[in-house]
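Notes for the one structure printed next.
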Amino acid sequence: MLALGIDPGTAICGYGFVESRGSRLIPHAYGSIFTSPKMKMEDRLMKIYDELDALIKKYQPDVMGVEKLFFNRNVTTAIPVGQARGIVLLTAAKNNLRLVERTPMQIKQDVTGYGKADKNQVIYMVTKILHLPEPPKPDDTADALAIAICTTHCLNSITWRNQL
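Residues 1 to 164 in UniProt numbering are what the sequence shown spells out, letter by letter.
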């Protein structure tokens, strides 16, 4: 099973493709989609859609994992992230992808064993779990890979298989 993890954002939208083969997790492709703050918002969202759609068509994932929105401090970033997240959900729907949504705490718990892990702990574990030669950059890419890892774990559990 090939899972696509997405860390939505309008400036940087991280993505990561992780295949679950038995008990092994194999990274296939990962990176980030970048947009310029000089671009009109609608053009930024279109770029995210176009590039994400092309990645989905190229790699043909079985499922997409995306982080649930959670903002407890900076509400001003909630709107652009929400807009990017909407584009991500639309792209999943247009490509008939199953969707798995997890909270940041659930993703951190799954990847590091601690729901309040910091960014460096998540990056470290993603690097180790996927046997990457170096930590993925930027952080949004590492987060997307963590979401893909969590998505594979969710779908490999008996509970999730029965729900889908």
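Cβ atoms here follow ideal geometry from the backbone N, Cα and C, with glycine treated the same way.
Residue from the options with nearest C-alpha to residue i
| i | options | result |
| --- | --- | --- |
| G86 | P104, Y114, V66 | V66 |
| Q83 | L69, L145, N95, N96 | L69 |
| D7 | L99, S157, A142 | A142 |
| H131 | K119, P138, I149, D139 | I149 |
| N96 | K108, Q60, V122 | Q60 |
| M39 | A11, S20, I56 | A11 |
| L89 | M46, T127, L55, M64 | M64 |
| G5 | P133, E134, V126 | V126 |
| V100 | R24, P37, S157, I26 | S157 |
| D140 | H153, T151, V122 | V122 |
Simplified DSSP assignment, three categories, for residue i
| i | result |
| --- | --- |
| K137 | coil |
| L99 | strand |
| A117 | coil |
| H131 | coil |
Quiz item: Where in the segment 1–88 do unbroken runs of the beta strand (DSSP E), each at least 3 residues long, occur, reported from the N-terminal end onward?
Solution: 2–7, 12–21, 24–34, 63–67
Practice problem: Assess, as a yes-or-no matter, whether the segment 27–34 is touched by the segment 104–116 under the definition of 3 or more beta carbon pairs within less than 8 Å. | Solution: no
Quiz item: Taking three-plus beta-carbon pairs below 8 Å as touching, is the segment 6–25 in contact with the segment 33–40?
Solution: The segment 6–25 makes contact with the segment 33–40, as at least three CB pairs between them are under 8 Å.
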